[in-house]
Amino acid sequence: MSLASFCVLTVSMLLIGFTFLFLINLNMMIGDVEAQNEVIVFLDDNLSDTQTELIGQEIIAVGNVSSVVFYSKEQGFEDIKSRIPNSAELFEYIGDDSPLPDSYRVKIADLDEISTALMAINRIEGISQVQAPTDFIGILTSLRSAFTVIAGAVLAALLIVCIIVISNTARASVDTRRREITIMKLVGATNEFIRIPFFIEGLSMGILSGAFSAALSYITYNMIDNLLTNSDTTLFTALGIGGLIPPGTLALPYIAATIGGGALISAIVTGFSTHKYLKV
Amino acid sequence: MVLLKDVSVTFDNGVTALNDVSLTVNDGEFAFIVGESGAGKSTLIRLLINEIPPSKGRVYVNGFELSRLKKSKAHKLRRSIGYVFQDFKLIDNMTVYENVAFVLRCTDATNKTIRNRVPEAISLVGLKDKVKCFPRELSGGEQQRVAFARAIVANPKLIIADEPTGNLDPRTSLEIIELLKGLNEKCNTTVIMVTHEHEFVRGFGGRTITLREGKVVFDGFLNPTV
């Protein structure tokens, strides 16, 4: 196992780890932002309590809805008052009666399917207007799709790099031990006996590179997390996002997946490569 | 026993290396196979150790019919053959003992078997006092003796020696052939020695098979002249 192969493999696995961490955090953050967005369903005036309740049930029946909360016209008016401070004159002019209709605040479970849900809600009798942040949601979903595609491409490219490095290492290893292999073949060693040392060598390289890259990426991730959580105001808090996935939650599955992944890739590629180059 | 029945080997490039060769080497026999470069000697060896299949005919070695032998079972055939290379093919970073023991390790022998057989094989080739030496510390003749010890340690039924004297001076070559003859007589091991040195073999005598352009042109016994 050459040091160069080990380094290239470690760096590749480190980049795979970072890409993966970036992707799951991005997904979580987009999820956070998405969760804060809601659809406001304004109801017609002069509906009875029974009719209002029925509309609420019909909204739930549409499906793809995670929560439905009723907002009376009074609650809505108070909400607006609290959001626009120093406007007492304006609200004095409007008076105590709420000019807003009753409404339902609806949260959609799968935002990719929001248009179908909106169409179904719009068809319900007694609804005057449906307000949904479709543009913003559209941006978020396309952002997530784009990042998923980019990260997928990066992961695929890095995986190919890993396969080439492991395959070349196995080939070089076979070449340097050609003499030994010839003797082994002619004295009657089984194919497995000849292949096993190369397989173990590849597997060890995968495990070591995996462990090394897991440790490095975990330390870096921890540092980034500390940096962000210790700042008073961050971009995340401004956006209402909770921050990164806590390192403690990630540690065990991430390290196990990186070492296991490294071992698995190495085992498979070394197995194929030695089979190809040994010709035993 | 080695038996070839109407065997031909034609390579993909159309070259026929062996053409309708039939021969038998019985158990316990010592046979020289001689021929010039391109006569088909190497092809014959590759055939016997199951490295290449025959294009035509049947090959039997130590009870295995090679055209029916699966690649995954080739090790069984090879365990019954001791192979000696022209360039010795010793492993440089292993001592004489380790080089010889290496064969047994490759064939899953127990440590007890290794401890018993290796010193025995080394003694048989007269290198008892060189067990701890590395190949670079040995002369060409001594290195070839180690190769012989390695070939016989697993107690094979057949020894194939491929130009074993090719890199040695005449005196050492004679010693090596004497050693082979001795192994053949003491252990009743079948020996096939392949060489291009016609004159040398003529001087030594015995069963001689001459190949020319892929065909057996002589198969008989020569009287020793030395």
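Which chain is which? The protein sequence lines are A and B, in order. According to this note's numbering, the stretch in the first sequence is residues 2 to 281, in order. According to this note's numbering, the stretch in the second sequence is residues 41 to 266, in order. Note that beta-carbon positions come from the ideal geometry of N, C-alpha and C, so glycine has one too.
**Asked** Rounded to a whole number of angstroms, what is the C-alpha to C-alpha distance between R145 (chain A) and I269 (chain A)?
**Response** Against the first sequence, residue 145 (chain A) aligns to sequence position 144. Against the first sequence, residue 269 (chain A) aligns to sequence position 268. About 32 Å.
**Message:** If you measure between the beta carbons of M14 (chain A) and G249 (chain A), is that distance less than 7 Å?
**Reply:** Here residue 14 (chain A) is taken as the residue at index 13 of the first sequence, counted from 1. Here residue 249 (chain A) is taken as the residue at index 248 of the first sequence, counted from 1. No; because the gap between Cβ atoms is not below 7 Å, this pair is not in contact.
**Where the beta strand (DSSP E) through M233 (chain B) begins and ends** = Here residue 233 (chain B) corresponds to residue number 193 of the second sequence, with the count starting at 1. Note, M233 (chain B): beta strand (DSSP E), T230 to T235.
**Request:** Indicate the three-state DSSP secondary structure (helix, strand or coil) for T212 (chain B) in the structure shown.
**Result:** Against the second sequence, residue 212 (chain B) aligns to sequence position 172. In the three-state reduction of the DSSP assignment, T212 (chain B) falls in the helix class.
**Prompt:** Going straight from the alpha carbon of E138 (chain B) to that of V234 (chain B), what length do you get?
**Reply:** Residue mapping note: residue 138 (chain B) aligns to position 98 of the second sequence, counting from 1. Residue mapping note: residue 234 (chain B) aligns to position 194 of the second sequence, counting from 1. The straight-line gap from Cα to Cα measures roughly 27 Å.
**Item:** Alpha-carbon spacing of I17 (chain A) relative to I109 (chain A), whole angstroms
**Value:** To locate residue 17 (chain A), count along the first sequence from 1; it is residue 16. To locate residue 109 (chain A), count along the first sequence from 1; it is residue 108. Here the C-alpha atom of I17 (chain A) lies approximately 33 Å from the C-alpha atom of I109 (chain A).
**Closer than 7 Å at the beta carbon, the chain B residues around E181 (chain A)** = Indexing the first sequence from 1 puts residue 181 (chain A) at position 180. In chain order: I131.
**Asked** Since D209 (chain B) and F125 (chain B) are thought to touch, with beta carbons under 8 Å apart, how far apart are those beta carbons, to the nearest angstrom?
**Response** Start at 1 with the first residue of the second sequence, and residue 209 (chain B) comes out as number 169. Start at 1 with the first residue of the second sequence, and residue 125 (chain B) comes out as number 85. Between F125 (chain B) and D209 (chain B) the Cβ distance is about 18 Å, and since that is not below 8 Å, they are no contact.
**Prompt:** Between S210 (chain A) and L10 (chain A), is the Cβ-Cβ spacing less than 7 Å?
**Reply:** Position 209 of the first sequence, counting from 1, holds the residue named residue 210 (chain A). Position 9 of the first sequence, counting from 1, holds the residue named residue 10 (chain A). Result yes, Cβ atoms of S210 (chain A) and L10 (chain A) sit closer than 7 Å.
**Request:** Determine contact between the region 189-204 of chain B and the region 136-155 of chain B, defined as no fewer than three beta-carbon pairs at a distance below 8 Å.
**Result:** These segments touch.
**Prompt:** Where do the ends of the beta strand (DSSP E) carrying S13 (chain A) lie?
**Reply:** Residue numbering aside, residue 13 (chain A) sits at position 12 when the first sequence is read from its first letter. Here S13 (chain A) belongs to no beta strand (DSSP E); instead the alpha helix (DSSP H) covers L4 to A36.
**Asked** In angstroms, rounded to a whole number, what distance separates the CA positions of L164 (chain B) and C227 (chain B)?
**Response** Locating residue 164 (chain B) in the second sequence gives position 124, where the first residue counts as 1. Locating residue 227 (chain B) in the second sequence gives position 187, where the first residue counts as 1. Rounded to whole angstroms, L164 (chain B) to C227 (chain B) spans 11 Å at the Cα level.
**Asked** So, is D80 (chain A) buried or exposed, given that buried needs 16 or more other C-beta atoms within 10 angstroms?
**Response** Looking up residue 80 (chain A) in the first sequence gives position 79. By the Cβ neighbour-count rule, D80 (chain A) is exposed, with fewer than 16 other Cβ atoms within 10 Å of its own.
**Residue from A:I165, A:I151, A:V131 and A:T170 with nearest C-alpha to I201 (chain A)** = For the purposes of this step, residue 201 (chain A) is identified with residue 200 of the first sequence, where counting begins at 1. Per the Cα distances, A:T170.
**Asked** Between the beta-carbon of E39 (chain A) and the beta-carbon of R106 (chain A), is there less than 7 Å?
**Response** Residue numbering aside, residue 39 (chain A) sits at position 38 when the first sequence is read from its first letter. Residue numbering aside, residue 106 (chain A) sits at position 105 when the first sequence is read from its first letter. Taking 7 Å as the cut-off, the beta carbon of E39 (chain A) is found closer than this to the beta carbon of R106 (chain A).
**Neighbour flag for L156 (chain A) against chain B, beta carbons, 7 Å** = Position 155 of the first sequence, counting from 1, holds the residue named residue 156 (chain A). L156 (chain A) does not count as touching chain B.
**Request:** Look at A152 (chain A) and N65 (chain A) and say whether their C-beta atoms are less than 7 Å apart.
**Result:** On the first sequence, position 151 is the one that residue 152 (chain A) refers to. On the first sequence, position 64 is the one that residue 65 (chain A) refers to. In this structure, N65 (chain A) does not lie closer than 7 Å to A152 (chain A) by Cβ.
**Item:** 7 Å Cβ cutoff met for N59 (chain B) and S77 (chain B)
**Value:** In the second sequence, residue 59 (chain B) corresponds to position 19, counting from 1. In the second sequence, residue 77 (chain B) corresponds to position 37, counting from 1. For N59 (chain B) and S77 (chain B), no; Cβs fall outside 7 Å.
**Prompt:** Between S99 (chain A) and the rest of its own chain, which residues show a CB-CB distance below 6 Å, the 5 nearest in sequence each way excluded?
**Reply:** Counting from one through the first sequence, the residue named residue 99 (chain A) turns up at place 98. Answer for S99 (chain A): K74, E75 and F78, listed in chain order.
**Request:** Please compile the residues from chain B whose C-beta is within a distance smaller than 7 Å of the C-beta of V175 (chain A).
**Result:** Within the first sequence, numbered from 1, the residue matching residue 175 (chain A) stands at position 174. For the C-beta of V175 (chain A), not a single chain B residue is nearer than 7 Å; the gap to the nearest is close to 16 Å.
**Request:** Classify Q126 (chain B) as helix, strand or coil using the three-state DSSP reduction.
**Result:** On the second sequence, position 86 is the one that residue 126 (chain B) refers to. Looking at Q126 (chain B) - three-state DSSP - the assignment turns out to be coil, as it is neither helix nor strand.
**Request:** Could you list which residues in chain B have their beta carbon closer than 7 Å to that of L187 (chain A), in chain order?
**Result:** Looking up residue 187 (chain A) in the first sequence gives position 186. The answer, in chain order, is I89, R118 and Y123.
**Prompt:** Is the shortest distance between the beta-carbon of I17 (chain A) and the beta-carbons of chain B less than 7 Å?
**Reply:** By one-based count along the first sequence, residue 17 (chain A) stands at place 16. No - not a single Cβ of chain B is within 7 Å of the one on I17 (chain A).
**Prompt:** For the alpha helix (DSSP H) that N66 (chain B) lies in, which residues bound it at each end?
**Reply:** Indexing the second sequence from 1 puts residue 66 (chain B) at position 26. Note, N66 (chain B): premise wrong, no alpha helix (DSSP H); not H, not E.
**Message:** Along the region 187-204 of chain A, where does the CB come closer than 9 Å to a CB of chain B? Name the residues.
**Reply:** L187, V188, G189, A190, T191, N192, F194 and I195: these are the residues of the region 187-204 of chain A whose beta carbon lies less than 9 Å from some beta carbon of chain B, given in chain order.
**Asked** Taking only runs of the alpha helix (DSSP H) that begin and end inside the region 96-180 of chain A, which ones reach a length of at least 4 residues, in chain order?
**Response** For the region 96-180 of chain A, the continuous alpha helix (DSSP H) assignments of 4+ residues that do not extend past its boundaries occur at 115-123 and 135-177, in sequence order.
**Message:** So for R155 (chain B), helix, strand or coil by DSSP?
**Reply:** Reading the second sequence from its first residue, position 115 is the one you call residue 155 (chain B). Correct three-state label for R155 (chain B): helix.
**Item:** Closer than 9 Å at the beta carbon, the chain A residues around S112 (chain B)
**Value:** The sequence position of residue 112 (chain B) within the second sequence is 72, counting from 1. Identification of chain A residues near S112 (chain B) by a Cβ-Cβ cut-off of 9 Å yields T191 and N192, ordered along the chain.
**Asked** If you run the structure through DSSP and keep just helix, strand and coil, what is R145 (chain B)?
**Response** Here the question's residue 145 (chain B) lines up with position 105 in the second sequence. Helix.
**Asked** Is the CB-CB distance between I131 (chain B) and E181 (chain A) below 7 Å?
**Response** The residue given as residue 131 (chain B) occupies position 91 in the second sequence. The residue given as residue 181 (chain A) occupies position 180 in the first sequence. Yes, they are a contact pair.
**Neighbour flag for C227 (chain B) against chain A, beta carbons, 7 Å** = Position 187 of the second sequence, counted from the start, is the residue given in the question as residue 227 (chain B). By this cut-off, C227 (chain B) is not an interface position.
**Asked** Counting pairs of Cβ atoms below 8 Å between the region 214-224 of chain B and the region 150-158 of chain B, do you hit three or more?
**Response** The region 214-224 of chain B vs the region 150-158 of chain B: no contact.
**Prompt:** By the criterion of Cβ-Cβ separation under 9 Å, what are the contact partners of V99 (chain B) in chain A?
**Reply:** Stepping through the second sequence from its first residue, residue 99 (chain B) is reached at position 59. V99 (chain B) does not reach chain A, its nearest Cβ partner there being about 17 Å away, counting only Cβ pairs nearer than 9 Å.
**Asked** Taking a cut of 8 Å between CB atoms, which residues from the region 188-213 of chain B lie near chain A?
**Response** Listed in sequence order: R190 and A194.
**Item:** Among A:S104, A:T135, A:V131 and A:S129, nearest to D113 (chain A) - alpha-carbon criterion
**Value:** Position 112 of the first sequence, counted from the first residue, corresponds to residue 113 (chain A). The shortest C-alpha separation from D113 (chain A) is found at A:T135.
**Prompt:** Residue range of the alpha helix (DSSP H) that R185 (chain B) falls in?
**Reply:** For the purposes of this step, residue 185 (chain B) is identified with residue 145 of the second sequence, where counting begins at 1. Unbroken alpha helix (DSSP H) run through R185 (chain B): G180 to I192.
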